[in-house]
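K.L.:
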Amino acid sequence: MWLTDELVTIFGIDEKLNGASAQRIYDQISEKLATPEFRPRALYERFNVEVLCTTDAATDPLTYHEQIRASGWRGDIRPTFRPDNVLNLDAANWRANIDALSQVSGIQVRDYRTYIAALEQRRAFFKQLGATATDHAVLTLYTNELSQADADVIFQRALNGDATAGDAVQFSGHMLMEMARMSVEDGLVMQVHPGSFRNHNASVYQKFGADKGADIPVTIEYTRNLRPLLNKYGNDPHLTLILFTLDETTYARELAPLAGHYPAVKLGPPWWFYDSLNGMRRFFDTVMETAGIYNTVGFNDDTRAFASIPVRHDVWRRAGANWLAGLTVRHLIDEEDAAVMARALAYDLAKQSYRFSPHESK
Amino acid sequence: MWLTDELVTIFGIDEKLNGASAQRIYDQISEKLATPEFRPRALYERFNVEVLCTTDAATDPLTYHEQIRASGWRGDIRPTFRPDNVLNLDAANWRANIDALSQVSGIQVRDYRTYIAALEQRRAFFKQLGATATDHAVLTLYTNELSQADADVIFQRALNGDATAGDAVQFSGHMLMEMARMSVEDGLVMQVHPGSFRNHNASVYQKFGADKGADIPVTIEYTRNLRPLLNKYGNDPHLTLILFTLDETTYARELAPLAGHYPAVKLGPPWWFYDSLNGMRRFFDTVMETAGIYNTVGFNDDTRAFASIPVRHDVWRRAGANWLAGLTVRHLIDEEDAAVMARALAYDLAKQSYRFSPHESK
Amino acid sequence: MWLTDELVTIFGIDEKLNGASAQRIYDQISEKLATPEFRPRALYERFNVEVLCTTDAATDPLTYHEQIRASGWRGDIRPTFRPDNVLNLDAANWRANIDALSQVSGIQVRDYRTYIAALEQRRAFFKQLGATATDHAVLTLYTNELSQADADVIFQRALNGDATAGDAVQFSGHMLMEMARMSVEDGLVMQVHPGSFRNHNASVYQKFGADKGADIPVTIEYTRNLRPLLNKYGNDPHLTLILFTLDETTYARELAPLAGHYPAVKLGPPWWFYDSLNGMRRFFDTVMETAGIYNTVGFNDDTRAFASIPVRHDVWRRAGANWLAGLTVRHLIDEEDAAVMARALAYDLAKQSYRFSPHESK
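Residue numbers (the working numbering), protein chains in the order written: chain C, 1 to 362; chain D, 363 to 724; chain P, 725 to 1086.
1. Considering only their Cβ atoms, is the gap separating residue 660 of chain D from residue 709 of chain D smaller than 8 angstroms?
2. In its own chain, which residues sit with a C-beta less than 7 angstroms from the C-beta of residue 361 of chain C, not counting the 5 before and 5 after it?
3. Taking only three categories from DSSP, how would you classify residue 57 of chain C?
4. Would you mind stating whether residue 332 of chain D and residue 656 of chain D have Cβ atoms separated by less than 8 angstroms?
5. Strictly below 9 angstroms CB to CB, what residues from chain P border residue 447 of chain D?
6. Can you check whether the C-beta of residue 978 of chain P is within less than 8 angstroms of a C-beta belonging to chain D?
7. Using a Cβ-Cβ cutoff of 9 angstroms, what residues of the region 924–952 of chain P are near chain D? List them in chain order.
8. Under 8 angstroms, with one C-beta from each stretch per pair, do the region 543–552 of chain D and the region 564–581 of chain D reach the 3-pair mark?
9. Under 7 angstroms Cβ-Cβ, which residues of chain C neighbour residue 981 of chain P?
10. Which two residues bound the contiguous beta strand (DSSP E) that contains residue 914 of chain P?
11. Enumerate, from N- to C-terminal direction, the unbroken beta strand (DSSP E) stretches of 3 or more residues contained entirely within the region 595–647 of chain D.
12. If you compare alpha carbons, which of D:493, D:606, D:367 is closest to residue 583 of chain D?
13. For residue 533 of chain D, name the three-state secondary structure that DSSP assigns.
14. Listed from N- to C-terminal order along the chain, which residues in the region 1056–1083 of chain P have their beta-carbon within a distance smaller than 7 angstroms of any beta-carbon of chain C?
15. Report buried or exposed for residue 751 of chain P, applying the criterion of at least 16 other Cβ atoms within 10 angstroms of its Cβ.
16. Got a sec: is the Cβ-Cβ distance from residue 145 of chain C to anything in chain D below 8 angstroms?
17. Could one say the Cβ of residue 535 of chain D lies closer than 8 angstroms to chain P's Cβ atoms, at least one of them?
18. The ligand HEM and residue 614 of chain D: does the residue's C-beta get closer than 7 angstroms to at least one heavy atom of that ligand?
19. Considering only the beta carbon of each residue, do residue 815 of chain P and residue 831 of chain P sit closer than 8 angstroms?
20. Residues in its own chain within less than 8 angstroms of residue 3 of chain C by CB, not counting five upstream and five downstream?
21. Along the chain, where does the alpha helix (DSSP H) that runs through residue 700 of chain D open and close?
22. Which class does residue 1015 of chain P belong to by DSSP, given the choice of helix, strand or coil?
23. Taking the alpha helix (DSSP H) that residue 751 of chain P falls in, what are its first and last residues?
24. Considering only the alpha carbon of each residue, which of D:641, D:672, D:614, D:640 lies closest to residue 649 of chain D?
25. Using beta-carbon positions only, say whether residue 195 of chain C and residue 247 of chain C come within less than 8 angstroms of one another.
26. Using the Cα positions of residue 408 of chain D and residue 717 of chain D, report the straight-line distance between them to the nearest angstrom.
27. Provide the residue(s) that pair with residue 497 of chain D in DSSP beta bridges, ordered along the chain.
28. What three-state label does DSSP hand residue 888 of chain P in the structure shown?
29. Among D:420, D:441, D:585, which has the Cα closest to the Cα of residue 426 of chain D?
30. Do the region 153–169 of chain C and the region 185–199 of chain C meet, that is, are 3 or more Cβ pairs less than 8 angstroms apart?
31. How would you label residue 570 of chain D, buried or exposed, when you count the other beta carbons within 10 angstroms and need 16 or more for buried?
32. With DSSP as the reference, label residue 921 of chain P as helix, strand or coil.
33. Within the 8 angstroms Cβ cut-off, does residue 955 of chain P reach chain C?
34. So which of D:658, D:486, D:416, D:456 has the shortest CA-CA distance to residue 628 of chain D?
35. Do residue 553 of chain D and residue 630 of chain D have their C-beta atoms closer together than 8 angstroms?
36. Would you check if there are 3 or more beta carbon pairs closer than 8 angstroms linking the region 660–669 of chain D to the region 689–701 of chain D?
And the structure:
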């Protein structure tokens, strides 16, 4: 679907893609991409994008964001605060990342207290450049608050290169709670994307590096793992915690009940393998009866394929409209409500949930 | 669905419910509820209920049941034996509950033997007041038989306030098997409702107490956990063991095969979050090919919302009829069988499975 | 469906089967089965079967296979190498099975090295009689390579009757990897059927023995468990590893992503409880968007009911054609591709995946 729609709608190619036509189509695309109409900013405007958020390490100086802002271009490009590589003690190069954090924040990280201060400095800087959200990728969810003293003991071990696997679990579980606390304070929407076993294929990882398409989902547990965080912050009206999943069994069993109960919890749209027509249908089927649409955030895609943005939103809008039409013809909702819900799913919910108000725009 | 149907059918209100109409509709409902036609017994008769079962602690003296029987009213209201608060050693106030059990049974519970005797006395008393079933809510299923001696050692520790978490697991696992043994002997149908993490939201629990809507499902395992119980009692024609779930993944994987194999096992209808149109469709889809309808118990709702009873049964009947119609038009079953199956799903199976015979009626 | 179709199509009985007609129909079937037209070879030809594979223990001398070959009959009957009873140290009679392995292979198994040699001898012998595949049934998947020395230590303990439960897990996990290595070398397609808790009902097992219908599925985990095997052999073009499941939650979460990523991995069709109309619909729904049909193997049934073969394939073909028709009318694929895909699902994929080429036929 995506590819056909991109070829036809974006590139004006309606020849069927197969072995015989592949080279011809490749050449046509290359030709188009070399023209000014296919430069990223031109496409951004053609796609009528209102806002595009990048994902950036906590240690990123956001130079390009500053350049875009300085360029005078009207496009609304914002960073997203993703601190995985300084929160997970077992991240590759964690020690070097901490040094980078010191440098970029101007705060010498030498203990837990200065580490927290540096993270808060970065969040403020991201916010200043338009960020409205954070993002956290974890393999298994685990939350558990440590005392400041215990957190510092682990942090010192990590600085000395002596942290154990158990330390990493405890520390990440604690830092997710710290991220929720900071979100309550600074208003950044907190997103969690758990359950992807990264770099599953060791040869691909050795030859080509991280994130090359060899990530395979695992089961994930939300009910018990999120309880410490939700018991402390889940009832707080200042927090928006958006949960994603790669384990669809959690939609009806755990996620919809959690989103239905806790004021802070909202469900992200079908993600990755489930950002698809069937994935969306199953999401509507298993989530909405319990959670309702207003505990979801509508649709945001996390594509790395820029030209797929319009079709991905189009698929979601059609899937949502089709679901609402089914409810309407069976008289489970009426046409008046269906129209409001269609717009909410397609547009309003995402804008509200991620706190993109005109007031916050540049 | 439920709310609209209740408003229209029960209360005669067909104005659409929304922010503008809410106060007006609230007032109309209050007015209706104050009239004699909306007293519980009047609604029971209007709803054409044949039997209504309450859920009662093992320590409940069933005073109201005796009063209803003494009142001469024709309604068939029966108790259900739910001994969670004396079976789970880690139940709040377990020690006080044991004292209450001694008092209400007239048997001084001082060791495992007298404890069993008191439980058997209560079952007999419940049965005398019309009970045909027991109900057991457990977080995780675990069954394992202890020797009488080992059970007594744990029980004595619990009486002295020294029981460990491990003791509680072992004892509950043993007592589920004892409950199956007693059911084989006294004929009470045994129901198990596992997998709800109760009182998930600590603030709600502290402010408002137990069971206030903050219960979130967890995964549940039946195949391994129920094996000890099923190996001892699962082939016994005297036992009916009705299993419910909040983890739909178990329908096709574990529950339908277990119900298809063991003579004692039957599946309860979609429960709680799944007592819904989609929940029922998924139940029919994933259970029936393997288990067949005659290993299910049709429909019983466990509502606390009295006025929702008619619509909940109506939704089930329509969902069942719709499923059967789909099988019929595709010629997987014929019209003759469909008619019998529709009645079985709507009425006969529940009555038979819960052993409500005219003979047992008051 | 199966039974009705078998009665009508194979036995020419179109009277409806129920309590009243059962004895009459039983008699008619018995009468038919006594005629020459209903002998196995006649049915094989009538069913137009191209190839039928049996499942045989590693210790099986394959006498009947040699007899069929010697008989001059044109039917293509092949063995499949299933070594569970010599690979799993906790298999009933494992020690006796090893003696049988020595005898049948002509290699005196006295240590790990001779054990491997005997297994390789058997695989070569199976292959000589037409085998193109192996089959492995395990309760839980676990793969982990041991050094030859460590494998030998465990093997010696097992020969002496001293192997522990932990030894059995380690050894099976190692031997699954050895089987993959041998498949890379000899080209036998490797099938894994995990997740069935065998002989769940102890009384049935004691009275009637193994595999009498009391097998209940359990959850299964592929992502982490298969990683050691896939990291060593998953990218090897010589290996075809066909995975089956009794836990449908793994289709979208683990199996489709694994099959989509690793060149060696293909998904087997819906198996056992899921070899059904609904099971197939859910398979198409949850697998194909991520894996695509060319990472599946089309359909093979594993029936023990010979007369069910035609209808089982017919159900699959109709289910597949119905799914493709749905994609076609919604313009997700076109008619040209649908026709190719229908044939691939029904016929080509199974033949290619299991490496049945005319060249290999007798």
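Beta carbons are placed, not taken as given, at the ideal position from N, Cα and C, and that holds for glycine.
P.N.:
In terms of the structure at hand:
1. yes
2. Only weak support exists for where residue 361 of chain C lies, its pLDDT of 42 falling under 50; the coordinates are left without a value.
3. strand
4. Missing from the structure shown is residue 332 of chain D; chain D here goes from 363 to 724 and no further.
5. Ordered by position in chain P, no residue passes the 9 angstroms Cβ test against residue 447 of chain D, which lies about 31 angstroms from the chain.
6. no
7. 924, 925, 926, 927, 928, 937, 938, 939, 940, 941, 942, 943
8. no
9. 216, 217, 273
10. 913–918
11. 603–605, 627–629
12. D:606
13. helix
14. 1056
15. exposed
16. no
17. no
18. For the ligand HEM, the structure offers nothing, since it holds no ligand at all.
19. no
20. 17
21. 697–705
22. helix
23. 746–757
24. D:614
25. yes
26. 24 angstroms
27. D:553
28. coil
29. D:441
30. no
31. exposed
32. strand
33. yes
34. D:658
35. yes
36. no
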